[in-house]
Amino acid sequence: MKIGSYQYGIEKRIVCTSFDAIKIAALSVALTFVLFSFFFWLEGISPVTGYFQMFSYAFGTSTGMELTIRRMTFMLLVTLAFIFPQRAGVLNIGATGQLYAGMLAAIGIGLWGKSLGSSALIPLMVVGAILSGGMLAIFVAYLRAKMNVNEIVVALMLNSIMFYLVKYLIEGPWMDPSGRPESAQLVKAARIPMIPGTSVPYSIFVAIAIAVLLYLVLAKTSFGYEIRLTGANPSSARYAGVSFLKIALLTMFIGGAIAGIAGIHQTAGIRGVFRIHRYFALYPGTWAYYGIVFGLISLSNPLAAIFVTFFFSGMQVGTQALQSRLGMGYGADLAFVGILMIVLVSGQYFYHKKIVWHKMGSRDRKKET
Amino acid sequence: MTNTSPQAIQTTRPAVSPYSHFMDLSKGEKILEMKGITKRFSGGVVANDHVDFDIEAGEIHALLGENGAGKSTLMHILSGLIEPDEGEIIIAGQKARIGSPQDALKLGIGMVHQHRKLIPAHSVLENIIIGHPRTPIILNKRKAKKEISQLAQSFGFEIDLDAKVWQLDAGEAQIVEIVKVLYFGARILILDEPTSTLTPPETEQLMLSLKRMVKEGLAVVPFITHKLPVVLDISDRITILRNGKIVDHIATKAADEKWLARKMVGKETLFDLHRTEVELGKEVLKVINLSALNNKGFQAVKGVSFSVREGEIVGIAGVTGNGQYELAEVLMGLRKPTQGAIFFQGKDIKRASIKKRWSLGIGYVPAERIEVGSVADFSLGDNMAINLYFNDNYCTWGILNFKKIYRGTEASIREFNIKTPDHRAKAKEMSGGNLQKLILARVISCRPRLLIVNLPTQGLDVGAGEFVQNKLLQLKKRGVGILLISEDLDETLSLSDSVAPIYEGQLMGILSRAEADKQKVGRMMAGMVMSSE
Numbered sequence: 007m008k009i010g011s012y013q014y015g016i017e018k019r020i021v022c023t024s025f026d027a028i029k030i031a032a033l034s035v036a037l038t039f040v041l042f043s044f045f046f047w048l049e050g051i052s053p054v055t056g057y058f059q060m061f062s063y064a065f066g067t068s069t070g071m072e073l074t075i076r077r078m079t080f081m082l083l084v085t086l087a088f089i090f091p092q093r094a095g096v097l098n099i100g101a102t103g104q105l106y107a108g109m110l111a112a113i114g115i116g117l118w119g120k121s122l123g124s125s126a127l128i129p130l131m132v133v134g135a136i137l138s139g140g141m142l143a144i145f146v147a148y149l150r151a152k153m154n155v156n157e158i159v160v161a162l163m164l165n166s167i168m169f170y171l172v173k174y175l176i177e178g179p180w181m182d183p184s185g186r187p188e189s190a191q192l193v194k195a196a197r198i199p200m201i202p203g204t205s206v207p208y209s210i211f212v213a214i215a216i217a218v219l220l221y222l223v224l225a226k227t228s229f230g231y232e233i234r235l236t237g238a239n240p241s242s243a244r245y246a247g248v249s250f251l252k253i254a255l256l257t258m259f260i261g262g263a264i265a266g267i268a269g270i271h272q273t274a275g276i277r278g279v280f281r282i283h284r285y286f287a288l289y290p291g292t293w294a295y296y297g298i299v300f301g302l303i304s305l306s307n308p309l310a311a312i313f314v315t316f317f318f319s320g321m322q323v324g325t326q327a328l329q330s331r332l333g334m335g336y337g338a339d340l341a342f343v344g345i346l347m348i349v350l351v352s353g354q355y356f357y358h359k360k361i362v363w364h365k366m367g368s369r370d371r372k373k374e375t
Numbered sequence: 033m034t035n036t037s038p039q040a041i042q043t044t045r046p047a048v049s050p051y052s053h054f055m056d057l058s059k060g061e062k063i064l065e066m067k068g069i070t071k072r073f074s075g076g077v078v079a080n081d082h083v084d085f086d087i088e089a090g091e092i093h094a095l096l097g098e099n100g101a102g103k104s105t106l107m108h109i110l111s112g113l114i115e116p117d118e119g120e121i122i123i124a125g126q127k128a129r130i131g132s133p134q135d136a137l138k139l140g141i142g143m144v145h146q147h148r149k150l151i152p153a154h155s156v157l158e159n160i161i162i163g164h165p166r167t168p169i170i171l172n173k174r175k176a177k178k179e180i181s182q183l184a185q186s187f188g189f190e191i192d193l194d195a196k197v198w199q200l201d202a203g204e205a206q207i208v209e210i211v212k213v214l215y216f217g218a219r220i221l222i223l224d225e226p227t228s229t230l231t232p233p234e235t236e237q238l239m240l241s242l243k244r245m246v247k248e249g250l251a252v253v254p255f256i257t258h259k260l261p262v263v264l265d266i267s268d269r270i271t272i273l274r275n276g277k278i279v280d281h282i283a284t285k286a287a288d289e290k291w292l293a294r295k296m297v298g299k300e301t302l303f304d305l306h307r308t309e310v311e312l313g314k315e316v317l318k319v320i321n322l323s324a325l326n327n328k329g330f331q332a333v334k335g336v337s338f339s340v341r342e343g344e345i346v347g348i349a350g351v352t353g354n355g356q357y358e359l360a361e362v363l364m365g366l367r368k369p370t371q372g373a374i375f376f377q378g379k380d381i382k383r384a385s386i387k388k389r390w391s392l393g394i395g396y397v398p399a400e401r402i403e404v405g406s407v408a409d410f411s412l413g414d415n416m417a418i419n420l421y422f423n424d425n426y427c428t429w430g431i432l433n434f435k436k437i438y439r440g441t442e443a444s445i446r447e448f449n450i451k452t453p454d455h456r457a458k459a460k461e462m463s464g465g466n467l468q469k470l471i472l473a474r475v476i477s478c479r480p481r482l483l484i485v486n487l488p489t490q491g492l493d494v495g496a497g498e499f500v501q502n503k504l505l506q507l508k509k510r511g512v513g514i515l516l517i518s519e520d521l522d523e524t525l526s527l528s529d530s531v532a533p534i535y536e537g538q539l540m541g542i543l544s545r546a547e548a549d550k551q552k553v554g555r556m557m558a559g560m561v562m563s564s565e
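The listed protein sequences derive, respectively, from chains D and X. In terms of the numbering used here, the first sequence opens at residue 7 and continues consecutively. In terms of the numbering used here, the second sequence opens at residue 33 and continues consecutively.
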């Protein structure tokens with residue numbers, strides 16, 4: 007393509023450095039802002055005002071910031087649940103089901119052990135959530151590694167099964183005594199304590215600690231090396247004596263366990279009850295799918311996931327300000343997040359390709375993303 | 033990208049016969065010229081530096097050079113896979129722009145790659161007609177079949193058009209690719225290492241066919257790393273590339289092997305193996321009546337028995353596809369045997385895991401350097417850890433000492449003279465020879481007592497190949513038992529203490545170094561005679 011005296015073309019990108027990846031992500035975000043301006047224009051709002059309101063609410067007010075961090079805790083955990091098995095080349099699409107399994111364990115243990123103190127109850131809930139989320143994931147991994155059953159299909163089916171199990175329990179045996187369509191309230195001892203003076207549960211520190219720990223395991227240990235080797239070249243891993251079965255089971259168990267912890271955060275951390283929302287788009291299980299997208303955006307790096315999920319959670323919370331402060335219609339936040347996802351995922355095309363341009367007649371090449 | 037040159041040859045050509053502008057050329061006329069071709073890659077590598085090259089009708093013009101000399105780049109430019117930064121290509125007197133392999137085919141240039149690009153599950157006929165510009169939407173297979181078998185016969189190729197491609201061996205698959213590009217109308221045939229996977233009789237057959245093509249006025253450009261005798265036998269002219277530059281053009285009549293090798297490598301250190309006789313020690317490997325299946329479930333290894341002693345090199349000679357890969361994999365634990373026993377230093381290891389075999393002191397250098405032996409996206413240092421991550425010297429309490437591994441990598445880079453900036457370079461940036469050196473260095477760093485090497489020098493240039501062979505001889509001197517699997521008969525004969533030709537999964541006998549002469553082993557490799565034992 008020719009523009010003026012420049013010739014443009016698309017070439018293969020041989021190496022995508024992390025700097026390239028950040029640049030591509032930043033440009034994608036910028037493009038999203040431009041595209042979403044269309045909705046501001048429809049509503050007669052200046053994009054400058056709109057974006058100012060978004061950012062100032064999400065990162066500039068204490069309510070907004072608390073919401074951002076609470077959302078981030080959840081998003082970071084489900085992202086890590088995807089990333090860890092992904093590094094071994096195993097796809098964990100089942101964070102949704104594992105999350106529900108963790109929630110059920112948390113609610114079940116929380117309702118059963120009302121009389122126990124929190125020092126006994128909370129560890130019990132954590133162990134329960136880890137085991138239930140992890141075992142659900144191991145089931146998928148075993149079928150994959152031992153019988154080569156497609157892990158995506160099994161995980162998606164399990165997600166559905168787990169949802170209906172949750173629905174049955176919440177609207178049945180565990181229903182709130184008053185008859186509201188939600189679970190009975192957890193007692194105070196079964197709630198994750200909040201950071202003093204805020205409504206942010208301590209689970210944010212757990213999430214960040216897990217991210218750092220996973221990073222260290224991958225980078226420094228021989229177990230992490232086996233995982234990276236399996237993910238980068240399964241034939242080499244086999245040649246080197248790595249057991250795929252062992253790696254698949256362990257990474258999936260850990261991934262499932264982390265999704266299970268997200269389940270505790272979502273029940274015992276935030277509300278203390280579990281309600282099935284009227285809108286499918288607002289089920290926590292649906293939100294869990296964002297973990298896959300954030301995992302891909304972070305290029306499966308647990309440390310990058312901390313920043314990625316913080317920013318995106320801020321954007322999600324910020325768009326809610328468009329409804330409350332600027333009176334935009336319901337769903338503006340979902341529209342923004344939707345556009346952002348599509349642009350970012352499309353932007354990944356440029357991980358493998360780059361635009362090059364050079365002046366006609368000259369051979370000096372310059373690169374642009 | 034759009035076509036910038038409106039005078040491009042495609043628009044002026046008659047549409048019916050894509051290569052009619054070659055038809056009236058007589059032998060000896062220039063049909064293609066490349067002038068001042070320059071190609072730079074990222075990282076400052078100049079793969080082609082103002083290269084001039086031409087092709088005449090009716091000749092075999094061999095392009096010779098070591099790995100990394102720029103042969104592939106030049107031929108990829110000609111076949112439209114890479115665009116040059118500078119220079120021009122002139123075809124039949126007109127400047128041409130070759131933007132894609134399709135463009136190249138339209139101009140009559142067809143490339144046969146060393147890595148076959150056929151679809152295994154489809155028949156030979158389907159593979160040949162797929163993508164042909166004249167193939168209509170509804171296939172007329174009968175007509176195509178007639179045309180193709182006539183074409184093949186006219187050049188002396190024997191192919192079964194109804195066979196599935198996965199049933200073919202490497203030589204047959206290459207013939208299919210040659211027939212395919214001929215059927216597409218190629219007048220210039222570019223062959224990448226055409227004889228590297230052929231048995232001696234197959235090589236002869238191919239040479240006859242090539243000579244027939246040349247008589248018809250086609251031009252053939254084979255590009256070759258080693259096997260200099262083949263070059264001398266078939267070509268009319270030879271062009272030698274080194275470090276991206278043309279070193280010399282010569283008429284084949286005036287060339288000899290020594291001279292060509294010196295021009296290719298740039299120095300005179302060839303055919304120089306430091307082989308010393310070593311007192312053979314205890315048996316390190318004993319294999320009794322071993323059998324195994326291949327991936328398709330057929331018997332690939334059939335009742336093989338042999339042993340390897342300390343300081344001994346046992347050469348398994350054979351053409352790929354006769355069970356050598358499966359044999360190596362069974363010994364390493366990557367494949368389950370169906371019967372038989374394996375003893376390492378007297379212990380039965382039939383049930384030992386792969387990791388256990390590594391820690392016992394068995395090392396394996398696979399033939400698939402890129403697919404198995406290394407990880408393309410890992411740095412050299414991380415590649416080095418492939419066989420070290422479970423080694424107690426590098427790993428305490430599950431924490432890997434990457435610093436130590438990287439230091440070891442740097443030492444190996446120096447010792448093995450691996451050309452790379454440092455251990456942080458990615459494996460995919462390495463040439464085949466450097467990659468093989470790295471793999472060998474890594475396996476040696478595990479201090480194996482038994483080393484299994486599969487095709488250790490295949491595709492390597494003369495210098496790197498010789499380096500690897502000398503390393504094997506050094507290990508022999510240190511008392512390591514070596515099982516050498518190779519297709520290169522000269523290599524097997526010059527290195528081995530005993531030679532076991534393999535044919536269809538069976539060892540045709542085990543010959544001592546003195547008994548093994550080239551003709552005898554060559555015949556046994558082709559399954560012709562059994563040894564008298």
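All C-beta atoms in this analysis are idealised placements derived from N, C-alpha and C, irrespective of residue type, glycine included.
Cutoff 6 angstroms; reference residue i; Cβ partners in own chain excluding five residues on either side
i      : result
X:L539 : V336, A532
X:K196 : S155
D:S24  : none
Beta-carbon contacts of residue i that lie in its chain and below 8 angstroms, excluding the five residues immediately before and after
i      : result
X:T301 : Residue placement at X:T301 is flagged as unreliable, the pLDDT there being 49, under the threshold of 50; the coordinate-derived value follows with that caveat. Here the set comprises G495, E498.
X:V553 : A349, L521, T524, L525, V531, P533, L543
D:A311 : L82, T85, L86, I89, A217, F300, G301, S304
X:L240 : G188
X:A287 : L264, I270
Residue from the options with nearest C-alpha to residue i
i      : options                        : result
D:Y170 : D:G324, D:Y106, D:W47          : D:Y106
X:G491 : X:S228, X:G430, X:K138         : X:S228
X:E115 : D:L309, D:K18, D:G291          : D:K18
X:R274 : X:I63, X:K458, X:A473, X:L95   : X:L95
X:L392 : X:V475, X:D549, X:L157         : X:V475
X:G329 : X:S339, X:G355, X:I345, X:I121 : X:G355
X:I548 : X:S528, X:E61, X:I151          : Residue 548 of chain X is actually Ala in this sequence, not Ile. Ranking the options by Cα distance to X:A548, first place goes to X:S528.
D:G66  : D:F342, D:W363, D:G320         : D:G320
X:E570 : X:K550, X:G464, X:K458, X:L504 : Since the first and last residues shown for chain X are 33 and 565, residue 570 of chain X lies out of range.
X:K509 : X:R294, X:Q206, X:H306         : X:H306
X:L515 : X:Y357, X:I109, X:A202, X:D414 : X:Y357
X:V253 : X:E236, X:L223, X:L260         : X:L223
7 angstroms CB neighbourhood of residue i in its chain, flanking five on each side removed
i      : result
X:A47  : Low local confidence applies: a pLDDT of 31 at X:A47 is under 50, so the model's placement there is unreliable, with the coordinate-based value given in what follows. For X:A47, where only same-chain residues beyond five positions count, there are no Cβ hits under 7 angstroms.
X:K314 : R341, E342
CB contact flag (residue i, residue j, <7 angstroms)
i      : j      : result
X:Y421 : D:Y231 : yes
X:G23  : X:L312 : Because chain X in this structure spans residues 33 to 565, residue 23 of chain X falls outside the shown range and cannot be described.
X:N80  : X:K67  : no
D:I390 : D:F42  : With chain D represented from 7 up to 375, any question about residue 390 of chain D goes unanswered, as that position is not in the structure.
D:S184 : D:I113 : no
D:I16  : D:I361 : yes
Could you name the residues of the region 423 to 444 of chain X whose beta carbon sits closer than 7 angstroms to any beta carbon of chain D, in the order they occur along the chain?
-> C427, G430, I431, L432
When you check each C-beta in the region 226 to 238 of chain D against every C-beta of chain X, which residues fall closer than 9 angstroms?
-> Residues of the region 226 to 238 of chain D that bring their beta carbon within less than 9 angstroms of a beta carbon in chain X comprise K226, T227, S228, F229, G230, Y231, E232, R234, L235, A238, in sequence order.
Which residues, taken in chain order from the region 246 to 257 of chain D, show a beta carbon closer than 9 angstroms to some beta carbon of chain X?
-> A246, G247, V248, S249
Given a limit of 8 angstroms on CB to CB distance, which residues of the region 42 to 67 of chain D reach chain X?
-> Within the region 42 to 67 of chain D, not one residue has a Cβ closer than 8 angstroms to any Cβ of chain X.
Unbroken alpha helix (DSSP H) runs of length 4 or more, entirely within the region 184 to 230 of chain X: which are they?
-> 202 to 215
3 or more residues per run - each beta strand (DSSP E) lying fully within the region 284 to 325 of chain X = 315 to 325
Please go through the region 482 to 507 of chain X and give each complete beta strand (DSSP E) segment of 3 or more residues, from N-terminal end onward.
-> 482 to 486
Using a Cβ-Cβ cut-off of less than 7 angstroms, give me the residues of the region 374 to 387 of chain X that come near chain D, in sequence order.
-> S385, I386, K387
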